[in-house]
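If you count the sequence shown from 1, you need to add 1 to reach this note's numbering.
C-beta atoms are modelled at their ideal positions from N, C-alpha and C, and glycine is treated no differently.
Contents: one structure, followed by commentary.
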Amino acid sequence: MTRPIRVLSLYEGFFAGGARILHTDVIAGLHSAGDQQHSVLSIASQARRESTVQPMHVDPRYLRLTNAGVSVTSLGRTADADPPERGSFTMAELRIAADAVARADVILSLKEQPLGLLLALQDHGLMPDIPVIACLHRSDPTHSGPALGWLAEAAATGLVAATVSCAQSTSDAYARFLAPATRRHVIPNGIDTDRFRPGTADEVAASRALLGIPSGALVVAYAARFDAMKNPGLFLSAVAIHAKRHPETHYLLCGAGMTLENDAFRALVAESGVDSSAHLHALGVRDDMPAIYQLADIVALTSAFGEASPLCLIEGAACGATPVTTRVGDAAQMVDGFGVVTRHDAAHIAATWQRVLDRRGELRDRALEARPRLGRDRMIGEYRAAVESVAVFAEAAA
Numbered sequence: 002m003t004r005p006i007r008v009l010s011l012y013e014g015f016f017a018g019g020a021r022i023l024h025t026d027v028i029a030g031l032h033s034a035g036d037q038q039h040s041v042l043s044i045a046s047q048a049r050r051e052s053t054v055q056p057m058h059v060d061p062r063y064l065r066l067t068n069a070g071v072s073v074t075s076l077g078r079t080a081d082a083d084p085p086e087r088g089s090f091t092m093a094e095l096r097i098a099a100d101a102v103a104r105a106d107v108i109l110s111l112k113e114q115p116l117g118l119l120l121a122l123q124d125h126g127l128m129p130d131i132p133v134i135a136c137l138h139r140s141d142p143t144h145s146g147p148a149l150g151w152l153a154e155a156a157a158t159g160l161v162a163a164t165v166s167c168a169q170s171t172s173d174a175y176a177r178f179l180a181p182a183t184r185r186h187v188i189p190n191g192i193d194t195d196r197f198r199p200g201t202a203d204e205v206a207a208s209r210a211l212l213g214i215p216s217g218a219l220v221v222a223y224a225a226r227f228d229a230m231k232n233p234g235l236f237l238s239a240v241a242i243h244a245k246r247h248p249e250t251h252y253l254l255c256g257a258g259m260t261l262e263n264d265a266f267r268a269l270v271a272e273s274g275v276d277s278s279a280h281l282h283a284l285g286v287r288d289d290m291p292a293i294y295q296l297a298d299i300v301a302l303t304s305a306f307g308e309a310s311p312l313c314l315i316e317g318a319a320c321g322a323t324p325v326t327t328r329v330g331d332a333a334q335m336v337d338g339f340g341v342v343t344r345h346d347a348a349h350i351a352a353t354w355q356r357v358l359d360r361r362g363e364l365r366d367r368a369l370e371a372r373p374r375l376g377r378d379r380m381i382g383e384y385r386a387a388v389e390s391v392a393v394f395a396e397a398a399a
């Protein structure tokens, strides 16, 4: 193939989340290199998630793509907690999708949820013989609802030719739902270490002043949406315990629904026993996460299930924060040598936070020493190879 490979990515929608950050970073990087031409079809133009409405046109991922010259088309739907059923698409929507698909050599599905759209095209005889790669980002597929069945069907019929998993735990968990002929790739996550870096003294001072955090106060950051998978109640219970013993510590919560304007979040704060005197900063969705991580001493994760390769852990580490995580997905392997793994127990987590804070200088050095292995160049190169291998195989088969 002498021209650039044309790659269409399918998004369920544009809203805050690690998988969308990761996928957007990958395709923006691949598109800018010039040997692949990327475009995006989003099923939704806005998302209603975690008690927030997130319009596509102001989403940082959407802006990143359009600024990089990646064409983005939408079916104009509103994304909710559940993906749209394959039988719910109108003929007008299917024609838009068919037009986008027909111009591609390879399709990347961001997670399994958009596969319902491709199966709907197939149901109506509108799906050409184009290889599809499902990009998977969970370690517990049973929480994917009907989308898991769509993936299994798409793999069994040959519609999905390959998968790319961001963690070995993800690839292993999905293996039994895939056909033997489905090729499986594991590409660990990487990040932009030019963006996620230690802050200068002036940058950190400015961020502290903006958030009302005194100079020298210790900070625990938590970047997660308000969702049972992330187990925010466990984090808040650990805060309640830790703050009583170390009342000078500040706790930053970032993510969709992590705001006192969310009634469910406010109720969970009270239920978890967090005292009103605790320095709890519920910041909601943030577009300045490097600045948050730069002033943090710890980046915490308390997820119960579903995580595969959590970006927040390596983003925080690249900025100098020490990851402290529950054992979920590949998290323990990711932070080996510069992070700490805890039990799913609030008292144990609170005690671990303090042990880390007591060794702050040493552990910060370990996090920063890990920066060279956290970069995204390796990841983008491996995605390029995966796309090329599928395209070459499909061309040879034709």
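Enclosing beta strand (DSSP E) for residue i [first to last residue]
i: Leu-253; result: 251-255
i: Thr-164; result: 161-166
i: His-345; result: Element bounds for His-345: n/a, residue is neither H nor E.
i: His-243; result: Not the beta strand (DSSP E): His-243 falls in the alpha helix (DSSP H), residues 233-246.
i: Ala-222; result: 220-224
i: Pro-291; result: Segment 290-295 is the alpha helix (DSSP H) holding Pro-291; no beta strand (DSSP E) there.
Contacting residues, own chain, Cβ-Cβ under 6 Å from residue i (five flanking each side not counted)
i: Ser-238; result: Ser-273 and Ala-347
i: Ala-433; result: Since the first residue of the chain shown is 2 and the last is 399, residue 433 is not available in this structure.
i: Phe-90; result: Ala-121
i: Arg-50; result: Phe-16 and Ala-257
i: Ala-292; result: Ser-208
i: His-243; result: Ala-351 and Trp-354
i: Ala-156; result: Leu-179, Ala-180 and Thr-183
i: Ser-72; result: Ser-40
Residues near residue i by beta carbon distance below 7 Å, same chain, minus five either side
i: Leu-127; result: Leu-95 and Ala-99
i: Thr-194; result: Ala-319, Arg-372, Leu-375 and Gly-376
i: Pro-199; result: Gln-295, Cys-320, Gly-321 and Leu-369
i: Arg-287; result: Cys-255 and Ile-293
Coil, strand or helix - residue i by DSSP
i: Thr-143; result: helix
i: Cys-313; result: helix
i: Val-393; result: helix
i: Ser-110; result: strand
i: Arg-104; result: coil
i: Gly-88; result: helix
i: Thr-353; result: helix
i: Thr-67; result: helix
i: His-138; result: coil
i: Val-59; result: helix
i: Gly-376; result: strand
i: Val-187; result: strand
i: Arg-198; result: coil
i: Leu-261; result: coil
i: Val-388; result: helix
i: Glu-308; result: coil
Per DSSP, the bridge partner or partners of residue i
i: Gln-123; result: Beta-bridge pairing links Gln-123 to no other residue.
i: Pro-324; result: Val-300
i: Thr-79; result: Gln-47
i: Tyr-12; result: Ser-43
i: Ile-6; result: Gln-37
i: His-280; result: His-251
i: Thr-53; result: Arg-50
i: Gly-285; result: Cys-255
i: Ser-72; result: Ser-40
i: Val-329; result: Answer by DSSP bridge pairing: none, since Val-329 is not bridged.
i: Val-341; result: Val-325
i: Val-133; result: Ile-108 and Val-161
i: Ile-192; result: Gly-376
Extent of the continuous alpha helix (DSSP H) to which residue i belongs
i: Ser-46; result: Ser-46 -> not in any alpha helix (DSSP H); beta strand (DSSP E) instead, spanning 37-50.
i: Ala-265; result: 264-272
i: Pro-181; result: Segment: none, Pro-181 is in no alpha helix (DSSP H) and carries neither H nor E.
i: Val-205; result: 202-212
i: Gly-362; result: 361-370
i: Ala-174; result: 169-175
Rounded distance between the beta-carbons of residue j and residue i, thought under 8 Å
i: Ala-283; j: Val-300; result: That belief does not hold up - the Cβ atoms of Ala-283 and Val-300 are roughly 17 Å apart, past 8 Å.
i: Val-220; j: Asp-298; result: 5 Å
i: Thr-327; j: Thr-353; result: Going by Cβ atoms, the distance from Thr-327 to Thr-353 rounds to 10 Å, so no, they are not a contact pair.
i: Met-290; j: Ala-224; result: 7 Å
i: Ala-80; j: Ala-135; result: Not confirmed; about 18 Å, so no contact.
i: Arg-139; j: Ala-309; result: 6 Å
i: Pro-115; j: Leu-11; result: 4 Å
i: Ala-241; j: Val-275; result: 5 Å
i: Pro-61; j: Gly-35; result: The pair is not a contact, with the Cβ atoms about 24 Å apart (cut-off 8 Å).
i: Arg-7; j: Ala-105; result: 5 Å
i: Gly-400; j: Asp-83; result: Because the chain spans 2 through 399 in this model, residue 400 falls outside it and cannot be assessed.
i: Val-393; j: Val-107; result: Not really, about 10 Å apart at Cβ, beyond 8 Å.
i: Leu-42; j: Thr-74; result: 5 Å
Interface flag, residue i vs chain C, CB-CB below 8 Å
i: Leu-237; result: In the structure shown, chain C does not exist; there is a single protein chain.
Close-in-space but distant-in-sequence residues of the same chain around residue i (CB under 8 Å, 5 per side omitted)
i: Ile-192; result: Asp-26, Leu-312, Ile-315, Glu-316, Ala-319, Leu-375, Gly-376 and Arg-377
i: Ala-387; result: Ile-134, Ala-163, Val-165, His-186 and Ile-188
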